[in-house]
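Under our numbering, the first residue of the sequence shown is numbered 0, with each subsequent residue one higher.
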Amino acid sequence: MCILRLGVPLYRHYGLYAYRVDFQMRYPSLESAPIERFEVLEQLRALWHGYKIVVEITTGTPAPGIDTPADLELARAVYAANATPTSD
0 MCILRLGVPL YRHYGLYAYR VDFQMRYPSL ESAPIERFEV LEQLRALWHG YKIVVEITTG
60 TPAPGIDTPA DLELARAVYA ANATPTSD
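The following block contains the structure:
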């Protein structure tokens with residue numbers, strides 16, 4: 000965490016998104032919010048329309064994301080190299 004002037008904290012954003020089906024069905028029809036367009040954060044649309052989200056502050060740094068097929072292959076290789084064999 001970094002502290003900006005006047006003691007305002009600055010946090011790095013990362014998220015795990017889990018939605019109920021009924022919300023997923025409604026979300027596309029919700030009008031985009033001005034703050035969502037400015038910040039480019041889709042969860043701001045939900046907040047703008049009165050939905051609640053859960054936010055937690057963590058002390059650690061998240062692992063790198065898996066955003067491409069190459070990232071996925073790297074993650075698979077890391078997990079395979081660290082996997083503990085099980086005995087059946």
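C-beta atoms are modelled at their ideal positions from N, C-alpha and C, and glycine is treated no differently.
Check this for me: beta carbons of Tyr88 and Ile56, under 8 Å apart or not? What is shown of the chain runs 0 to 87, which leaves residue 88 out entirely.
Taking 8 Å as the limit between beta carbons, can you name the residues of its chain near Pro27, skipping five residues before and five after? The residue labelled residue 27 in the question sits at position 28 within the sequence shown. Result list for Pro27: empty, nothing under 8 Å.
Is Ile52 closer than 8 Å to Gln42 when the C-beta atoms are compared? As a working mapping, residue 42 is identified with position 43 in the sequence shown. As a working mapping, residue 52 is identified with position 53 in the sequence shown. Contact flag set, yes.
Check Val77 in the structure and name its three-state DSSP category. One-based indexing of the sequence shown puts residue 77 at position 78. In the structure shown, Val77 sits in a helix (DSSP, three-state: H, G or I).
In the structure shown, what three-state DSSP assignment does Ser31 receive? Working through the sequence shown from its first residue, we reach residue 31 at position 32. Residue state, collapsed to three classes: coil.
Confirm, please, whether the CB-CB distance from Arg19 to Ala32 is below 8 Å. For this step, residue 32 is matched to residue 33 along the sequence shown. For this step, residue 19 is matched to residue 20 along the sequence shown. No; because the gap between Cβ atoms is not below 8 Å, this pair is not in contact.
Tell me the DSSP secondary structure of Tyr50 in three-state form. Stepping through the sequence shown from its first residue, residue 50 is reached at position 51. In the structure shown, Tyr50 sits in coil (DSSP, three-state: anything other than H, G, I, E or B).
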